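Note that numbering that gives the first Met the number 0 has the sequence shown beginning at 0, numbered continuously upward.
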Amino acid sequence: MTRIIALPGDGIGPEIMAAARELLDRIDADFEIEERLVGGVSIDATGSPLTDEVLEDCRNADAVLLAAVGGPKWDTTDPDAPRPEQGLLGLRKGLGLYANLRPVRPSPALLDASPLKRDRIEGTDLLVVRELTGGVYFGDRGRRDDSAYDTTVYSVGEIERIAEVGFRFARERVTSVDKANILETSRLWREVVEGVAKRHPDKQLDHLLVDNAAMQLVSRPSSFDVILTENMFGDILSDEAAMLTGSIGMLPSASVGEPGTPGLFEPVHGSAPDIAGTGRANPLAMFGSVAMMLRYGLGRQDEAAAVESAVDRALADGLRTADLGGDANLEDATRAVLSNL
Ligand code: NAD
């Protein structure tokens with residue numbers, strides 16, 4: 000029995016989660032799926048965006064599937080008031096999720112929606128593996144006299160474990176991105192990644208400086224397999240990579256930690272309060288998150304590929320939700336994908 004905790008959250012979250020549950024039921028009737036509260040709905044019910052009980056249930060699951068949190072109802076400038084996105088941070092921290100995975104695999108039917116020319120983007124199927132819990136976002140910072148500082152710190156252990164994730168998920172090649180011509184943390188990064196590469200003789204390793212990587216990502220995206228990088232570089236490069244596919248309603252993501260612990264799988268988009276309740280949300284990023292959960296969280300590669308090709312076929316048959324310039328609604332999109340599964 001595979002135990003999945005489903006966190007529908009706020010806004011369009013419950014609508015796209017219901018569609019994802021239909022998809023999961025179709026894949027395997029033996030998935031044991033339990034819903035819990037997170038985000039704004041959890042604040043309303045308990046005063047906290049993530050309770051200890053919900054976190055404990057997530058820890059005991061095989062995978063956690065989240066839709067989206069947040070909305071104007073909980074927007075506040077009071078620094079002491081609970082905020083929905085603290086639920087996400089609490090999950091990442093509480094589950095020890097130190098690797099963020101963002102795949103970039105434009106559907107063939109949507110190649111013309113990319114800001115890149117078709118011949119550049121065609122064949123792109125890459126994964127950005129970003130370190131999530133270290134680096135400059137977590138280092139010592141402050142003000143001194145009339146200056147300010149932020150510090151980047153990485154330990155050998157932190158680099159080793161994220162590099163292992165990169166090599167584990169690469170088909171054949173890891174491109175490690177750093178700024179080793181200037182930064183000491185990058186020089187350590189390079190040394191440690193080279194060491195980890197020796198444990199994976201079947202995979203190639205190459206290095207790119209981050210400024211060059213930003214250029215290569217738009218000039219030859221189809222040549223990448225896994226892009227492995229630290230927190231801040233990954234933050235920037237994963238958003239750049241995301242734009243290659245052309246629509247926010249299509250992008251899934253995952254955060255994972257130690258092998259054997261549950262990962263968190265979620266669309267990149269937010270709770271879209273402007274269209275919540277209208278039935279017009281695009282469920283495809285959510286379906287992509289289900290595919291990522293199957294592949295990276297549950298080791299069920301064939302079923303992940305089946306979900307992705309059902310989405311591709313539905314798009315090839317002409318499925319377009321409003322965000323893709325069409326008039327299909329959530330229900331139409333769900334039917335179109337399920338009928339191609
Ligand atoms: P958003 O991603 O929710 O929406 C941006 C635009 O994209 C909106 O016009 C929306 O209608 C559209 N959109 C998003 N997802 C869509 C989908 N599946 N189908 C069709 N259209 C879609 O970002 P925002 O408006 O900046 O944020 C809204 C709320 O979501 C805020 O409270 C924010 O904090 C929260 N948020 C949550 C997450 C998350 O849960 N991971 C991520 C980003 C933002």
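Even glycine gets a Cβ: it sits at the ideal position worked out from N, Cα and C.
These numbers come from a predicted model, not from an experiment.
Beta-carbon spacing of residue i, residue j below 7 Å
i: G86; j: P48; result: yes
i: L126; j: L263; result: no
i: G46; j: D9; result: no
i: L283; j: V310; result: yes
i: T150; j: D139; result: yes
i: S270; j: L323; result: no
i: V103; j: V225; result: no
i: I120; j: L314; result: no
i: A327; j: V306; result: no
i: R279; j: A335; result: no
Enclosing alpha helix (DSSP H) for residue i [first to last residue]
i: E265; result: Looking at the DSSP string, E265 is not in any alpha helix (DSSP H); the run it does join, the beta strand (DSSP E), is G262 to P266.
i: S106; result: First-last for S106: undefined, no H or E at that position.
i: E52; result: D51 to R58
i: A67; result: No alpha helix (DSSP H) contains A67, which is instead part of the beta strand (DSSP E) from A62 to A67.
Neighbourhood of residue i by C-beta, 6 Å cutoff - its chain only, sequence neighbours within 5 removed
i: G93; result: L54
i: E31; result: M0 and R2
i: E229; result: E130 and G134
i: R117; result: L110
i: D124; result: R104
Best match in the options for proximity to residue i [C-alpha to C-alpha]
i: L36; options: A66, A28 and R20; result: A66
i: A240; options: L64, I11, P114 and R20; result: P114
i: L100; options: G122, S288 and A275; result: S288
i: V40; options: I11, L329 and R25; result: I11
i: V209; options: R198, M231 and P13; result: M231
i: A332; options: G296, Q300, N281 and L340; result: N281
i: K202; options: D238, E190 and S175; result: S175
i: E34; options: I42, D43 and A17; result: A17
i: L297; options: A313, A253, R334 and R279; result: A253
i: L318; options: R82, A108, F286 and L216; result: A108
i: P258; options: E265, R142, S222 and F168; result: F168
i: R82; options: P105, T50 and S106; result: T50
i: L250; options: L340, P105, L88 and D27; result: P105
i: A196; options: A335, A304, V155 and E159; result: E159
i: P266; options: E52, A60, D29 and L64; result: L64
i: G233; options: A212, S218, S221 and Y148; result: A212
Residue span of the beta strand (DSSP E) that contains residue i, given as start and end
i: G365; result: Because the chain here runs from 0 to 340, residue 365 falls outside it and cannot be looked at.
i: E257; result: First-last for E257: undefined, no H or E at that position.
i: S338; result: Segment L329 to S338 is the alpha helix (DSSP H) holding S338; no beta strand (DSSP E) there.
i: I161; result: It is not in any beta strand (DSSP E) - I161 instead sits in the alpha helix (DSSP H) that spans V155 to F168.
i: I42; result: Looking at the DSSP string, I42 is not in any beta strand (DSSP E); the run it does join, the alpha helix (DSSP H), is G39 to T45.
i: A147; result: S146 to D149
i: F286; result: It is not in any beta strand (DSSP E) - F286 instead sits in the alpha helix (DSSP H) that spans L283 to M291.
i: V127; result: L125 to E130
i: P7; result: T1 to G8
i: T174; result: R172 to D177
Cut-off 7 Å between Cβ atoms - residues of its own chain near residue i, not counting five sequence neighbours on either side
i: R20; result: A5 and I32
i: P71; result: P272
i: R312; result: N339
Neighbourhood of residue i by C-beta distance below 8 Å, restricted to the same chain and skipping five residues each side
i: G256; result: L94, G95, L96, Y97, A98 and G262
i: L337; result: E21, L22, R25 and A309
i: A179; result: S185, R186, W188, R189, H206 and L208
i: D56; result: I4, E33 and R35
i: H268; result: A67, I247, G248, L250 and A284
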